[in-house]
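Protein chains in written order, with our numbering: chain A, 8 to 198; chain B, 8 to 198.
The beta-carbon is built from N, C-alpha and C at its ideal position, and this holds for glycine as well.
Every value quoted in this text rests on a predicted model; they were computed, and no experiment measured them.
2 protein chains.
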Amino acid sequence: MKALEEKILKEGVVLPGNILKVGNFLNHRLDVGFLCEMGAEIARLFRDCGINKIVTIETSGIAIAMGAAIHMGVPVVFAKKNKSKNVSGEVYCTEVVSFTHKNVSQVIVEKKYLEAGDKVLLVDDFLANGMALKGLISICREAGVEICGAAIAIEKGFQKGGEEIRAMGIRVESLAIVESMTDDSITFREQ
Amino acid sequence: MKALEEKILKEGVVLPGNILKVGNFLNHRLDVGFLCEMGAEIARLFRDCGINKIVTIETSGIAIAMGAAIHMGVPVVFAKKNKSKNVSGEVYCTEVVSFTHKNVSQVIVEKKYLEAGDKVLLVDDFLANGMALKGLISICREAGVEICGAAIAIEKGFQKGGEEIRAMGIRVESLAIVESMTDDSITFREQ
């Protein structure tokens, strides 16, 4: 998505440790109009798949998932990173290592929110080593729902997550794939 | 908002410890169409205030804030609960005690996302003891931005947060105010 690449070039900042900071529009300040444009593109890419539910993971996945859900007319279920007092009943649970935060989280989804026959689109803001996405895949497989694909705002093509998840047979569509980045340049993969 | 009261009666569950669970539409599974309806009502209530930014707090505030922002045409800034590796630069910081999670979080907003002249609407999913909202108020005051009001999906009228924040001179609009609740009944305050 050309508009996203241009936005990353204009507003993104590369931080030490291979971190691409896009807090100005994607995960601290939310450019809601642009999130809806990205959502429209996700809806277009997966328009013929019969998807009836989006699954994402807190926190930064929620806004882009909302953008897509508005255009697809489906609900969003977000996996929670730490079991909280208002989660009751049976849950699917897995562990996710965060690349950004350097920690391990228990990630849960209440069983009743993933139902037999669901056709699910996974959505997240970033795909780097793929740990969050693999956690969601593990939960969806345990629930027995169909995974129609994964839509990502920004994939770091130089990390292994995208390749590994595509090798699992899952369709991954990333709106922008960063091929390489340094302090003063970012290049994208042709799509 | 009558439709919200009806949805709470239909889908809400009262859990021990004065917890009202609305995970079916507000904070685990997101009913995106209904979140946009709530957002439209928030936009209507604050339509003449010149608001140029919504400020909320992760995680559960993000979806309702997005719903409002879409109708108001403004960006959302969400306060982060734990400083992460992709936060750089100067931050406003405060501590918030969570009623639901029974813990204390450091809450931060990068300084550059709150600018002189901003007219801010605070948005959150719940208002109980008001700790999260007071944290956002503290950050906004430190930043010197104007607080035009606070829009809440569900206020627990039997806890003290709403009264205290209104006593601070801040306009608080709650789409539904729960006056009392037991295992098998929920009553709302007339508005």
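Legend: CB atoms of the region 38-50 of chain B lying less than 8 angstroms from CB atoms of chain A belong to residues D38, V39, G40, L42, C43. Among the residues facing chain B, A10(A) is not included, as its CB has no counterpart in that chain under 7 angstroms away. Put simply, the CB of I64(A) is far from chain B, with every gap to its CB atoms at 7 angstroms or more. Listed as beta-bridge partners of R36(B) by DSSP are V84(A). For V111(A), the CB contacts under 6 angstroms within the same chain, skipping 5 residues up- and downstream, are E102, V104 in chain order.
Between I15(B) and E186(A), the alpha-carbon positions lie close to 47 angstroms from each other. As the crow flies, the alpha-carbon of I49(A) is around 13 angstroms from that of A70(A). Within chain B, the residues whose beta carbon sits less than 8 angstroms from that of V84(A) are H35, R36, L37, listed in sequence order. Of the candidates F41(B), G24(B), I26(B), the residue whose Cα lies closest to the Cα of F32(B) is F41(B). Inter-residue distance for F195(B) and E18(B) is about 15 angstroms (C-alpha atoms, whole angstroms).
By the Cβ neighbour-count rule, M175(A) is exposed, with fewer than 16 other Cβ atoms within 10 Å of its own. Taking C-beta atoms as the reference points, K163(A) and G57(A) fail to come closer than 7 angstroms.
For G74(B), the enclosing alpha helix (DSSP H) begins and ends at 68-79. Of the other Cβ atoms in all chains shown, fewer than 16 fall within 10 Å of the Cβ of P23(B); this residue is therefore exposed.
Taken in chain order, the members of the region 15-33 of chain B whose beta-carbon sits within less than 7 angstroms of a beta-carbon on chain A are L22, G24, I26, K28, G30.
Closest by C-alpha distance to I159(B), out of G124(B), E97(B), L52(B), H35(B), is L52(B). With the rule of 3 Cβ pairs closer than 8 angstroms, the region 165-174 of chain B does not count as touching the region 78-92 of chain B. Residue range 153-163 is occupied by the beta strand (DSSP E) that includes C155(B). Looking at the backbone, the Cα of A72(B) and that of E153(A) are separated by about 30 angstroms.
According to DSSP, residue pairing for F133(B) in a beta bridge involves I161(B). Contacts with chain A at 7 angstroms (Cβ-Cβ) include A70(B). At a cut-off of 7 angstroms between beta carbons, A76(A) contacts chain B.
Across the structure, I177(B) and A157(B) are spaced so that their CA atoms are roughly 7 angstroms apart. Within its own chain, the residues whose Cβ lies closer than 8 angstroms to the Cβ of K119(B), once the five positions on either side in sequence are excluded, are G96, E97, listed in chain order.
By the neighbour-count definition (other C-beta atoms within 10 Å, threshold 16), N34(A) is a buried residue. For I161(A) and L37(B), the gap between their C-alpha atoms comes out near 23 angstroms.
The continuous stretches of beta strand (DSSP E) do not include A123(A), and DSSP gives it neither H nor E. Judged by DSSP in its simplified three-state form, M45(B) adopts helix.
If you check the CB distance, V21(A) and A75(A) do not come in under 7 angstroms. The C-beta distance from I77(B) to V116(A) rounds to 26 angstroms, too long to meet the 8 angstroms contact threshold. Of all residues in the region 117-144 of chain A, only E117, K119, Y120 come within less than 9 angstroms of chain B when Cβ atoms are compared, listed by chain position. Its chain contains A50 as the residues whose beta carbon lies nearer than 6 angstroms to that of M79(B), once the 5 sequence neighbours on both sides are disregarded; these appear in chain order.
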